[in-house]
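Respectively, the protein sequence lines represent chains A and B. With our numbering applied, the first sequence has no gaps in its numbers, which climb one by one up to 1100 at the end. With our numbering applied, the second sequence has no gaps in its numbers, which climb one by one up to 118 at the end. By construction, the Cβ of each residue, glycine as well, lies at the ideal position given by its N, Cα and C atoms. In this text, all values refer to a predicted model and were calculated from it rather than measured experimentally. Worksheet for the structure shown next.
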Amino acid sequence: AQKVTQAQTEISVVEKEDVTLDCVYETRDTTYYLFWYKQPPSGELVFLIRRNSFDEQNEISGRYSWNFQKSTSSFNFTITASQVVDSAVYFCALSVSTILTGGGNKLTFGTGTQLKVEL
Amino acid sequence: EAGVAQSPRYKIIEKRQSVAFWCNPISGHATLYWYQQILGQGPKLLIQFQNNGVVDDSQLPKDRFSAERLKGVDSTLKIQPAKLEDSAVYLCASSLDRVGGTEAFFGQGTRLTVV
């Protein structure tokens, strides 16, 4: 069974501060995919990034960066120079490649981290 | 490109009543998902369709929940009878296929309140 843990329930920062959201996952599958989604107050989940289990390269996209470490089963997300528009709930999620276990591509989500960026 | 459309956005019903939600996925997406998101929790998969067939409904409370995807496009999720614990946001998502790692696109959800 898959499990995703986001231990930080809520984080508050002042604008322009850097912030890191933690994600720890559990799976017995050797091929899996990790995701980060953003959920603004409007409710829809917005895709941010996907990494597969064979690619541990860190990734940077503008103010966003992700650190994937298989040794610690972590996939952390850092926002540099945070802005008020970054305020949202952020979810880390995991899916496995096999379609033998259920329908395939089922996302297992963490409980989310509420990020509040204040002026 | 139009996103995943859901209706209604909000619904309030009394317990024991029935309710239905509608979802129109992104054109061409073969896989459709219904997730339930209870306040303060992450979304949980209820049911997954591949075209018009069910491929995973292991977490769907089948005594009260049902879903269909006629013609492999639109889908409806029904609850009958509703319980207080069904209060949640119901999110519909779609993806090109069900190969692991395929990006899923989500709708804005239907917020259900059962009183």
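- Taking the Cα positions, residue 1090 of chain A is about 12 Å away from residue 982 of chain A.
- Taking 8 Å as the upper bound for CB-CB distance, residue 21 of chain B and residue 84 of chain B are in contact here, some 6 Å apart.
- Using a Cβ-Cβ cut-off of 9 Å, residue 1086 of chain A is close to 34, 36, 51, 98, 100, 101, 102, 103, 104, 105, 107 of chain B, given in chain order.
- Taking 9 Å as the cut-off, the beta carbon of residue 1029 of chain A is found no closer than this to the beta carbon of residue 1014 of chain A.
- When DSSP reads this structure, residue 1048 of chain A sits in a beta bridge with A:1057.
- In this structure, the straight-line span from the alpha carbon of residue 1007 of chain A to that of residue 1069 of chain A is close to 25 Å.
- Spatial neighbours of residue 33 of chain B in its own chain (CB-CB distance under 7 Å, excluding positions within 5 residues in sequence) are listed in chain order as 53, 54, 99, 100.
- A buried status is given to residue 39 of chain B, since no fewer than 16 other beta-carbon atoms sit within 10 Å of its beta-carbon.
- The alpha-carbon of residue 1072 of chain A is positioned some 10 Å away from that of residue 1058 of chain A.
- When C-beta atoms of the stretch 110–118 of chain B are compared with those of the stretch 1044–1060 of chain A, fewer than three pairs fall below 8 Å, so the two segments do not count as touching.
- Taken in chain order, the complete beta strand (DSSP E) segments of 3 or more residues contained in the stretch 994–1046 of chain A are 1000–1002, 1005–1007, 1013–1020, 1027–1033, 1040–1042.
- For residue 7 of chain B, the secondary structure class from DSSP, reduced to helix, strand or coil, is coil.
- For residue 1040 of chain A, no CB of chain B lies under 9 Å from its own CB, so it is not counted at the interface with that chain.
- Taking C-beta separations shorter than 6 Å and ignoring five residues to either side along the sequence, the partners of residue 78 of chain B in its chain run 26, 35, 72, following chain order.
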